[in-house]
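First the structure, in the form of structure tokens, and then the observations on it.
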Amino acid sequence: EPEVTQTPSHQVTQMGQEVILRCVPISNHLYFYWYRQILGQKVEFLVSFYNNEISEKSEIFDDQFSVERPDGSNFTLKIRSTKLEDSAMYFCASSIGQGKYNEQFFGPGTRLTVL
Amino acid sequence: AQSVAQPEDQVNVAEGNPLTVKCTYSVSGNPYLFWYVQYPNRGLQFLLKYITGDNLVKGSYGFEAEFNKSQTSFHLKKPSALVSDSALYFCAVRDGLTGGGNKLTFGTGTQLKVEL
Chain A
1 EPEVTQTPSH
11 QVTQMGQEVI
21 LRCVPISNHL
31 YFYWYRQILG
41 QKVEFLVSFY
51 NNEISEKSEI
61 FDDQFSVERP
71 DGSNFTLKIR
81 STKLEDSAMY
91 FCASSIGQGK
101 YNEQFFGPGT
111 RLTVL
Chain F
116 AQSVAQPEDQ
126 VNVAEGNPLT
136 VKCTYSVSGN
146 PYLFWYVQYP
156 NRGLQFLLKY
166 ITGDNLVKGS
176 YGFEAEFNKS
186 QTSFHLKKPS
196 ALVSDSALYF
206 CAVRDGLTGG
216 GNKLTFGTGT
226 QLKVEL
């Protein structure tokens with residue numbers, strides 16, 4: 001069964017450093033998403049991406065964040081200058097479409113620890 | 116704005132007994148509702164969804180959920196719980212309004228513990 005994959009599984013970085021989290025969505029999916037889950041809290045939407053542009057973003061997704069689909073398979077989340085409060089589990093998701101077809105499939109997550 | 120409430124942080128049930136995990140929602144238009152399960156150190160796995168049609172939807176692993184529009188609820192149920200069902204369960208909603216976006220809004224999660 002096809003699945004969303006994410007690398008690395010765990011990333012440790014120093015405050016102020018840039019990190020790039022990588023995701024490979026399911027191959028025939030067209031919509032891509034990033035969510036995050038701070039330890040002990042609920043899963044929060046960050047951004048959605050379609051047709052090589054951001055279609056929606058939350059207030060969390062400020063200028064420090066960016067997303068990119070650099071080739072036909074990868075989908076990345078970049079945090080330019082990490083803060084302590086960016087420590088969280090980051091989930092990538094993809095869906096084949098929107099509306100009724102918006103069944104989002106999630107990857108296993110990348111745990112980001114900012115020291 | 117859309118929101119989801121899961122009023123119970125934890126639900127304990129004996130194996131073989133029926134289980135219910137509660138969820139209520141708020142959206143502007145018609146709701147698209149989802150249940151996901153998260154096992155330790157794993158991502159979110161899709162269980163089931165309600166879009167339109169029958170109020171009782173069936174999903175993976177014997178789970179089902181009942182949509183109740185008047186009570187704005189979408190409770191997850193299973194007739195006979197297994198120890199292997201022990202996990203963290205998330206309810207999520209998307210607003211069905213045209214142009215409402217694709218983002219899912221999640222509840223805070225309910226830890227289900229099934230004991231022998």
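Those protein sequence lines, which keep their order, are chains A and F. Sequence positions in the first sequence follow the working numbering and run 1 to 115. Sequence positions in the second sequence follow the working numbering and run 116 to 231. Using N, Cα and C, we set each Cβ at its ideal position, and we do this for glycine too. From a predicted model like this one, the values you see are computed outputs, not experimental measurements.
#1: Restricting to Cα atoms, I'd like to know which of F:120, F:137, F:231 is closest to residue 191 of chain F.
#2: Does residue 31 of chain A have its Cβ less than 8 Å from a Cβ in chain C?
#3: Counting only runs of 3+ residues fully inside the region 164-210 of chain F, write out the beta strand (DSSP E) ranges in chain order.
#4: In three-state terms, what does DSSP make of residue 53 of chain A?
#5: For residue 35 of chain A, which residues from the same chain have a beta carbon less than 7 Å from its beta carbon, with the 5 sequence-adjacent residues on both sides left out?
#6: Where does residue 62 of chain A land, buried or exposed, given buried means 16+ other C-beta within 10 angstroms?
#7: Which bits of chain A does residue 219 of chain F rub up against, with CB to CB less than 7 Å?
#8: Going by DSSP, what residues sit across from residue 159 of chain F in a beta bridge?
#9: Three Cβ pairs or more, each shorter than 8 Å: is that satisfied between the region 63-76 of chain A and the region 10-25 of chain A?
#10: Between the alpha carbons of residue 206 of chain F and residue 124 of chain F, how many angstroms are there, rounded?
#11: Any chance you could list the beta strand (DSSP E) runs of at least 3 consecutive residues sitting entirely within the region 45-111 of chain A, in chain order?
#12: Please identify the residue among F:120, F:218, F:226, F:227 whose C-alpha is closest to the C-alpha of residue 56 of chain A.
#13: Check each residue of the region 142-174 of chain F: if its Cβ is closer than 9 Å to any Cβ of chain A, include it; give the result in chain order.
#14: Under the DSSP definition of a beta bridge, which residues are partnered with residue 146 of chain F?
#15: Buried or exposed: where does residue 173 of chain F fall if 16 or more other Cβ atoms within 10 Å of its Cβ makes it buried?
#16: Using a 10 Å radius around the Cβ and a threshold of 16 neighbouring Cβ atoms, would you call residue 163 of chain F buried or exposed?
#17: Give me, in chain order, the residues of the same chain whose beta-carbon lies closer than 8 Å to that of residue 97 of chain A; leave out the 5 immediate sequence neighbours on both sides.
#18: Quick one, which residues of the region 220-231 of chain F are near chain A if we go by CB-CB under 9 Å, in chain order?
#19: For residue 205 of chain F, go through chain A and note every residue whose CB falls closer than 7 Å to its CB, in chain order.
#20: When burial is assigned at 16 or more other CB atoms within 10 Å of the CB, is residue 176 of chain F buried or exposed?
#21: Name the DSSP beta bridge partners of residue 20 of chain A, please?
Result, derived from the coordinates:
#1: F:137
#2: Given the protein chain composition of this structure (A and F), no chain C is represented.
#3: 171-173, 179-183, 188-193, 202-210
#4: Residue 53 of chain A: strand per DSSP, three-state reduction.
#5: 43, 44, 45, 46, 91, 93
#6: With fewer than 16 Cβ atoms within 10 Å of its Cβ, residue 62 of chain A is classed as exposed.
#7: Going along chain A in sequence order, the residues near residue 219 of chain F (Cβ under 7 Å) are 45, 104.
#8: F:153
#9: yes
#10: 12 Å
#11: 53-57, 65-68, 75-79, 88-95
#12: F:218
#13: 147, 149, 151, 153, 156, 157, 158, 159, 160, 161, 164, 166, 167
#14: Checking the DSSP bridge columns, you'll see residue 146 of chain F partnered with F:210.
#15: exposed
#16: buried
#17: 30, 31
#18: 220, 221, 222, 223, 224
#19: Near residue 205 of chain F (Cβ distances below 7 Å), the residues of chain A are 43.
#20: With a threshold of 16 other beta carbon atoms within 10 Å, residue 176 of chain F falls short and is exposed.
#21: A:78
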